[in-house]
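So for the sequence shown, the numbering used here puts the first residue at 2; every next one is plus one.
C-beta atoms are modelled at their ideal positions from N, C-alpha and C, and glycine is treated no differently.
The structure presented is a predicted model; accordingly, all values stated were derived computationally and were not measured.
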Amino acid sequence: MADLPSVSRRRVLTASAAGGALAALAGCADDAGPDPADGGASDGTDEGDADEADKSDADAGSGAIDAELDLREANVVDVAFEPADAGYAFDVTLHHDDDGEDGYADWWQVERLDGTRLGRRDLLHAHSEQPFTRLETVAVPDDATCVVVRGHDQTHGYGGVAALVDLDAEAVRGVDQGSDPRSFDATDCP
Numbered sequence: 002m003a004d005l006p007s008v009s010r011r012r013v014l015t016a017s018a019a020g021g022a023l024a025a026l027a028g029c030a031d032d033a034g035p036d037p038a039d040g041g042a043s044d045g046t047d048e049g050d051a052d053e054a055d056k057s058d059a060d061a062g063s064g065a066i067d068a069e070l071d072l073r074e075a076n077v078v079d080v081a082f083e084p085a086d087a088g089y090a091f092d093v094t095l096h097h098d099d100d101g102e103d104g105y106a107d108w109w110q111v112e113r114l115d116g117t118r119l120g121r122r123d124l125l126h127a128h129s130e131q132p133f134t135r136l137e138t139v140a141v142p143d144d145a146t147c148v149v150v151r152g153h154d155q156t157h158g159y160g161g162v163a164a165l166v167d168l169d170a171e172a173v174r175g176v177d178q179g180s181d182p183r184s185f186d187a188t189d190c191p
């Protein structure tokens, strides 16, 4: 019987741990984490970030918006949300032709139906991969059960698709917001 080279248990465990760590990191390689150029808050997806399908609909509201898009405008195409300690964590997906324009989608915000701003996520650079998602936690008063999520771009300002979000019913509906921000009322909510 031939003598086989002996492999120590420590070497096997080290190799296994290194392989497991590499596999775990490979899954995270696409997760860019906080984007300091966008204000440092964590994000949902960006150029190659994690897929939104990992979120459970039982934990949060979510709504992809089917609408005809003018990509010159900052269109809100999806909103996912869940209660957080300081309000609601909103994952907002925008679609805008950042590469084909001089300007880019420069912020999105959450508002009351009358247009009063509750919170805003500033975007400090163009995003070449479209659509892209950013996360922001916004303090929402208890009496605001339906809110508006609206995008904005440097060149055109308002326009494109905004989202009406019913926090209690966990429903989202896209609406063409027009070039001037308009107020909504409870009958507009999904």
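Measure the CB-CB distance between Ala1 and Gly175 and report whether it falls below 8 Å. Any property of residue 1 remains undetermined from this structure, which presents the chain solely from 2 to 191.
How is the beta strand (DSSP E) around Leu119 delimited, first residue to last? Going by DSSP, Leu119 is part of the beta strand (DSSP E) stretching over Arg118 to Asp123.
Ordered along the chain, which non-local residues of its own chain (more than five positions away) have a Cβ less than 6 Å from that of Ala187? Counting only residues of its own chain and dropping the five nearest sequence neighbours on each side, Ala187 has no CB closer than 6 Å to any other CB.
Chain C contact for His97 (CB, 8 Å cutoff): In the structure shown, chain C cannot be found, because there is only a single protein chain.
Through-space distance from Ala163 to Thr117, alpha-carbon basis: When rounded, the distance between both Cα atoms is 15 Å.
Between the C-alpha atoms of Ala81 and Ala90, what's the straight-line distance to the nearest angstrom? In this structure, the CA atom of Ala81 is about 8 Å from the CA atom of Ala90.
Please tell me whether Arg151 and Val77 are closer than 8 Å, where the distance is taken between their beta carbons. Contact flag set, yes.
Measure the alpha-carbon distance for Pro182 versus Gln155 and round it to whole angstroms. In this structure, the straight-line span from the alpha carbon of Pro182 to that of Gln155 is close to 15 Å.
Endpoints, the beta strand (DSSP E) within which Arg193 is located: With the chain covering only 2 through 191, there is no way to say anything about residue 193.
I need the DSSP call for Ala90, collapsed to helix, strand or coil. Judged by DSSP in its simplified three-state form, Ala90 adopts strand.
His153 versus Ala106 - alpha carbon distance: Between His153 and Ala106, the C-alpha separation is close to 6 Å.
Report back the beta-carbon spacing between Ala145 and Ala87 to the nearest angstrom; my notes put them in contact at under 8 Å. With 8 Å as the limit, Ala145 and Ala87 do not qualify as a contact, their Cβ atoms being about 15 Å apart.
Please report the straight-line C-alpha distance between Pro142 and Glu83, rounded to a whole angstrom. Between Pro142 and Glu83, the C-alpha separation is close to 14 Å.
Are Glu112 and Val149 close, meaning C-beta to C-beta below 8 Å? Less than 8 Å separates the beta-carbon of Glu112 from that of Val149.
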